[in-house]
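What follows is one structure encoded as structure tokens, with my remarks underneath.
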Amino acid sequence: MNLYSLTLHELQTKLRKREISSQELTEAVFQRISATEDRVHAFITLCHDTALREAKRADERLGREKESVPLLGIPIALKDIFLTREVLTTCGSKILGNFIPPYDGTTVKKLKGAGAVIVGKTNLDEFAMGSSTENSAFFVTRNPWSLERVPGGSSGGSAAAVAADQCVAALGTDTGGSIRQPAACCGIVGLKPTYGRVSRFGIIAYASSLDQVGPMTKDVMDSALMLEAIAGHDPSDSTSINAPVPPFSRYLDGDVKGLRVGIPKEYFIPGMQPEVEQAVKEGLRTLERNGIETEEISLPHTEYAVAGYYLVATAEASSNLARYDGMKYGLRVPGTDLGGTYMKTREQGFGPEVKRRIMLGTYALSAGYYDAYYLKAQKVRALIKKDFEDAFKTCDAIITPTSPTTAFKIGEKTQDPLQMYLSDIFTISVNLAGLPGLSVPCGFDSDGLPIGMQIVGKHLDEATILRIAYAYEQATDWHKRKPSL
Ligand code: GLN
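Under the working numbering, the residues of the sequence shown are numbered 489 to 973, in order.
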């Protein structure tokens, strides 16, 4: 077995027993990147030299420290939306094409504190707007399972890197599905924690009331370990929740017998790929055999989620992206006067999808239309949240497909933004409600493409969805399959 193909928890054990060194492991990971990156294109920036220095330090600590440091010596990739001190951070945009942050964001600090080795920064849809990574200003990342297909998005680079064994684990962000949908498309585990569970300080904002950081990993145990390392209150993020962080990895093998799972009827819709529906239903039967009780439920306002999301998200984006004006950081294209410089910088710096969303959001917030669009969308959001609250009166978790289809072909949806927006139809409501959601591999379609099952939990109850996902994983071996790159 190659070192790069092992899971985080397997490697953790080997590192602690000193059977391997972090330097060996990090070298193996970079060799794997060299062997595959010309086909996958997952990374915008690689940090080879600093990674090896970090690995060397980790090895010294492994020899010295008695207390176990959770991620000590583990190579991890970051979506290029995380601010990293002295390392280029583009957010997939030309407007930040030369931006080198002077500090690390909170999650990056925590990873480094936990001993992680940062491998590099992964590709994404520009400002995390998209579902295919095709909106990156730089290049398209390919799905390791089928190179002519997208890896999903917007955290497509992180998902592809984990699936291709180019890192041991990665971080992504999820505003409407950007961790879970690419995880499903690439056959890995993706977890979006409860809104506020993980700090947003030092991640580039898209839609601040929806954005959340989360792990993208090879299996559920790794997801729990990563969440433990990054979760927790942060005074630098005013929306961060001050609640204890349970030792998720220690709760995983708890009994799932008697847990009640709701299956919302609105999530099995005409037009979805039949093989996705079959795989998820088969997954539910596997869980039932493990003692989980399932019942059909209704989340009646589901049909308004996509429309509501694209008003709230674009409204917040139009405000968040106002800061890119060529003055403070990033690209500056000089005009004849100040206004001209603003205009030219934004004209040339932003790609078409970002401009579309700034226009949509600005329109939705403008005087006269605010009540009709933005306020209405906030009301829809409240109703969707209430749907979940009602459902969780009788259920411990909710299970749905992660995405209506498996990975589509590169170019298939780029001309039709509405079709692209529908890729997130099953994940978006979870962000609107601020709940935790996880995608776990649950099968393959007839083209050999991975399928994901989404498990949604109560507010701050990542422990239960991780436990269900772990029980499912123990009963199946979908997560063990690897693409033949
Ligand atoms: N695809 C959705 C969008 O484009 C979600 C993206 C995300 O979660 N960042 O907004």
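Where is the CB? At the ideal position from N, CA and C, for every residue including glycine.
query: Cβ-heavy atom distance, Gln-669 to the ligand GLN, below 8 Å; result: yes
query: Gly-678 versus Thr-824: straight-line alpha-carbon distance, rounded; result: 47 Å
query: beta-carbon Ser-917 near the ligand GLN non-hydrogen atom, thresh 8 Å; result: no
query: Asp-825: first and last residue of the uninterrupted alpha helix (DSSP H) it sits in; result: No alpha helix (DSSP H) contains Asp-825, which DSSP labels as neither H nor E.
query: Contact test: Asp-904 Cβ vs the ligand GLN heavy atom, cutoff 8 Å; result: no
query: Span of the beta strand (DSSP E), counted from its first residue to its last, around Pro-938; result: 938-945
query: Trp-966 at chain C interface by Cβ criterion, 9 Å; result: Absent from the structure is chain C; it holds one protein chain and no more.
query: Start and end residues, alpha helix (DSSP H) containing Pro-905; result: 905-909
query: Terminal residues of the beta strand (DSSP E) in which Ala-885 lies; result: 885-889
query: Best match in Leu-910, Tyr-694, Pro-924 for proximity to Val-842 [C-alpha to C-alpha]; result: Tyr-694
query: Range covered by the beta strand (DSSP E) that runs through Met-709; result: Premise fails: Met-709 lies in the alpha helix (DSSP H), 708-718, not in any beta strand (DSSP E).
query: Under the three-state DSSP convention, the category Asn-623 falls into; result: coil
query: For Cys-655, the three-state DSSP class (helix, strand or coil); result: coil
query: Near the ligand GLN: Thr-663 beta-carbon under 8 Å from a heavy atom; result: yes
query: Ile-886 and Leu-948 closer than 9 Å at C-beta; result: no
query: Cβ-heavy atom distance, Asp-949 to the ligand GLN, below 8 Å; result: no
query: The ligand GLN heavy atom lying under 8 Å from the CB of Gly-618; result: yes
query: Pairwise C-alpha distance: Pro-840 and Gln-903; result: 11 Å
query: Whole runs of the beta strand (DSSP E) within the stretch 781-846, excluding any shorter than 3 residues; result: 781-785
query: Cα-Cα separation, Asp-710 to Lys-680; result: 14 Å
query: Cβ shell of Gly-814 (< 6 Å), same chain only, five flanking positions each side left out; result: Arg-820, Thr-829, Thr-833
query: Asp-933 CB to nearest heavy atom of the ligand GLN below 8 Å; result: no
query: C-beta contact flag for Tyr-861 and Ala-852 at 9 Å; result: yes
query: For Ser-510, the first and last residue of its enclosing alpha helix (DSSP H); result: 510-528
query: Entirely enclosed alpha helix (DSSP H) segments - the stretch 593-645, minimum 4 residues; result: 594-601
query: According to DSSP, residues forming a beta bridge with Lys-745; result: Answer is none; Lys-745 lacks a bridge partner.
query: Nearest-angstrom beta carbon gap, Tyr-798 and Tyr-909 [assumed within contact, 8 Å]; result: 6 Å
query: Near the ligand GLN: Asp-912 beta-carbon under 8 Å from a heavy atom; result: yes
query: Separation of Asn-808 from Thr-850, as counted between CA atoms; result: 11 Å
query: Inter-stretch contact (C-beta, 8 Å, three-pair minimum) for the stretch 961-968 and the stretch 745-763; result: no
query: Close beta carbons around Ala-963, own chain, < 7 Å, minus the five adjacent residues each side; result: Thr-774, Asn-778
query: Buried or exposed (CB count within 10 angstroms, at least 16 for buried), Glu-776; result: exposed
query: Beta bridge counterpart(s) of Pro-563 as assigned by DSSP; result: Val-605
query: Heavy atom of the ligand ADP within 8 Å of Ala-693 beta-carbon; result: Only the ligand GLN can be found as ligands here, which leaves the ligand ADP out of the picture.
query: Cβ separation of Ile-939 and Glu-636, assumed to be a contact under 8 Å, to the nearest whole Å; result: That pair is no contact at about 18 Å.
query: Residue of Arg-520, Ala-805, Glu-512 minimising C-alpha distance to Arg-541; result: Glu-512
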